[in-house]
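What follows is a set of notes on a single structure, which appears directly below.
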Amino acid sequence: MSNEIIVVDPLERLDLLKSLASEVRVRILDLLHHKGPKNVNQVAEELGLPQSTISANIQVLVDVGLIETKSQKARKGSQKVCYSTFSELVVVFKDRAPAQDLSVIEVAMPLGLYTRCEVSAPCGLCSRDGVIGLLDVPNTFLDPDRMRAGLLWFTRGFVEYQFPNNATLANAKVGGLELAMELSSEVPGTSKDWPSDITVAINGHEIDTWTAPADYGDKRGKHTPGWWKLAGSQYGDLVHWRVTNNGTYRGDDKVSKCSLADLDLERHRSIRIRIGVKEDARHPGGINIFGSGFGNYSNDIVLRLRKA
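Residue numbering for the sequence shown follows my numbering, starting at 11 and increasing by one per position.
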């Protein structure tokens, strides 16, 4: 009897699973597993079935690898002896990565990897494990431990990220730029009615000012860790921008005339993304940016370049 364990993904080995959809074949496997190798005549005798029936079903099991046969000397010539190839059969569904879209170049930027910042209190940073540095101290935003941040917030100012322009490395012309992140306004505690004007700029060009409607605290964010009190910001809105040859869109709405030509991507080795609340904002309600381990999406800041 074999001590091998066969692990089967149903989507990859439908042939093997179909081979088990027969009482005769299952009984053959059970016999070989418990009583050891046998030739076709012995199997037929044990199961009380015609030799022709046993031979046909054994061949099906051989074809899918559940049985092996070996020739051995017999009184007259040779005989085929059947062996079970396994002791356990485990059916599992494997994790599958989504098919890679070769027309898209994507970079996910961890929240704490900003290259510039100017923020005012109230402000702070958190990782999945706890608060980083000191709350309401802007200099904490320079703490090296900021690299672990999954949530950051401030009242005025900005954080700026420098994304690699991987389209230049691929010698690809960019036909569209997409940006996505989870955002909310920021108020001490939370508020369902606390608008804030959040401005996003790319390579020095403002593409949009989006008014976040609230600092959400009605329920815990799907990914927000349990140690973070419910009285604090829990999740945001996942906001998508697209910069095209015809201008900038938030979702399906055109929000500015800033186009790919304005960003001049072909001349830059990097793409600078600035996110913040301006001093003269009409609704200066602060900002929360949610990253990995926080909010409803647990996403880093994602930049996609679509090849033309």
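Ideal Cβ positions, reconstructed from N, Cα and C, are used throughout, including at glycine. All figures in this text were calculated on a predicted structure; none of them were measured in a lab.
Taking 7 Å as the threshold (C-beta atoms), are residue j and residue i in contact?
{"i": "V91", "j": "N49", "result": "yes"}
{"i": "G303", "j": "T165", "result": "no"}
{"i": "G231", "j": "G305", "result": "yes"}
{"i": "C268", "j": "H215", "result": "yes"}
{"i": "L71", "j": "R37", "result": "no"}
{"i": "A211", "j": "H250", "result": "no"}
{"i": "N256", "j": "L270", "result": "no"}
{"i": "R292", "j": "D218", "result": "no"}
{"i": "E192", "j": "L112", "result": "no"}
{"i": "P235", "j": "R138", "result": "yes"}
Identify, in the order they occur along the chain, each residue of the same chain with its Cβ nearer than 6 Å to the Cβ of residue i, setting aside the five sequence neighbours on each side.
{"i": "V117", "result": "F173 and L313"}
{"i": "I16", "result": "F96 and L99"}
{"i": "C127", "result": "F151 and V169"}
{"i": "K288", "result": "T209"}
{"i": "D155", "result": "I142"}
{"i": "G301", "result": "L121, G160 and D310"}
{"i": "E56", "result": "L41"}
{"i": "K80", "result": "V91"}
{"i": "Y307", "result": "E192 and L248"}
{"i": "A54", "result": "Q61 and I64"}
{"i": "S88", "result": "S81"}
By alpha-carbon positions, which one of the options ends up nearest to residue i?
{"i": "L162", "options": "K202, V129 and L30", "result": "V129"}
{"i": "L41", "options": "L21, I77, D73 and E14", "result": "I77"}
{"i": "K229", "options": "G246, T221 and E216", "result": "G246"}
{"i": "V169", "options": "K317, A291, R282 and R292", "result": "R282"}
{"i": "M157", "options": "D146, L24, V141 and I217", "result": "V141"}
{"i": "L275", "options": "S206, T178 and D310", "result": "T178"}
{"i": "S32", "options": "V18, P20, E56 and I64", "result": "I64"}
{"i": "L27", "options": "N51, S269 and V74", "result": "V74"}
{"i": "L315", "options": "T258, R252, G257 and D263", "result": "R252"}
{"i": "V101", "options": "F300, D155, L30 and Q244", "result": "L30"}
{"i": "L24", "options": "A180, K83, I311 and F103", "result": "F103"}
{"i": "P20", "options": "T254, K80 and D105", "result": "D105"}
{"i": "A241", "options": "V197, Y259 and D263", "result": "V197"}
{"i": "A84", "options": "A66, L193, N67 and N51", "result": "N51"}
{"i": "L187", "options": "S195, K45 and K317", "result": "K317"}
{"i": "D272", "options": "K86, I68, N213 and G167", "result": "N213"}
{"i": "G227", "options": "V53, S195, T221 and D139", "result": "S195"}
{"i": "A182", "options": "D139, R277 and Q89", "result": "R277"}
{"i": "L123", "options": "W238, A222, A66 and Y171", "result": "Y171"}
{"i": "G199", "options": "C133, K86 and R138", "result": "C133"}
{"i": "G167", "options": "G286, H43 and K86", "result": "G286"}
{"i": "R284", "options": "G87, L39 and T125", "result": "T125"}
{"i": "I68", "options": "G58, H43, L39 and H44", "result": "L39"}
Short of 7 Å in beta carbon distance, which residues of its chain neighbour residue i, apart from the five on each side in sequence? Order them along the chain.
{"i": "S201", "result": "A224 and D225"}
{"i": "G261", "result": "H250"}
{"i": "E14", "result": "T95, F96 and S97"}
{"i": "W220", "result": "I208, V249 and R260"}
{"i": "A180", "result": "I115"}
{"i": "R279", "result": "N175 and T178"}
Leaving aside the five residues before and after residue i along the sequence, list all residues of the same chain whose C-beta is less than 8 Å from its C-beta, in chain order.
{"i": "D153", "result": "L135, I142 and G143"}
{"i": "V18", "result": "L26, L27, L99, V100, V101 and V102"}
{"i": "T258", "result": "I217, D218, W251, R252, K264, V265, S266, K267, C268 and S269"}
Write down the C-beta distance between residue i and residue j rounded to the nearest angstrom, noting that I regard them as a contact closer than 8 Å.
{"i": "S243", "j": "N298", "result": "5 Å"}
{"i": "P47", "j": "Y93", "result": "5 Å"}
{"i": "P148", "j": "A159", "result": "With 8 Å as the limit, P148 and A159 do not qualify as a contact, their Cβ atoms being about 14 Å apart."}
{"i": "D290", "j": "M119", "result": "About 27 Å separates the two Cβ atoms, so there is no contact after all."}
* Kindly provide the ranges of any beta strand (DSSP E) runs that are 3 or more residues long and lie completely inside the region 92-138, ordered along the chain. => Counting only runs of at least 3 residues, the region 92-138 fully encloses the following beta strand (DSSP E) elements, listed from N- to C-terminal order: 98-101, 114-119, 126-129 and 134-136.
* Could you name each continuous alpha helix (DSSP H) segment of 4 residues or more that falls completely within the region 169-193, going from the start of the chain to the end? => 176-179
* Ordered list of beta strand (DSSP E) runs contained in the region 17-81, each at least 3 residues -> Given a length threshold of 3 residues, the region 17-81 has no whole run of the beta strand (DSSP E) inside it.
* Which runs of the alpha helix (DSSP H), 4 residues or longer, sit entirely within the region 245-315? -> For the region 245-315, whole alpha helix (DSSP H) runs of length 4 or above, ordered along the chain, are 270-273.
* Asked: For the region 206-234, which segments carrying the beta strand (DSSP E) assignment without a break, of at least 3 residues, lie completely within its bounds, in sequence order?
  -> Qualifying beta strand (DSSP E) stretches, in chain order: 206-212 and 215-222.
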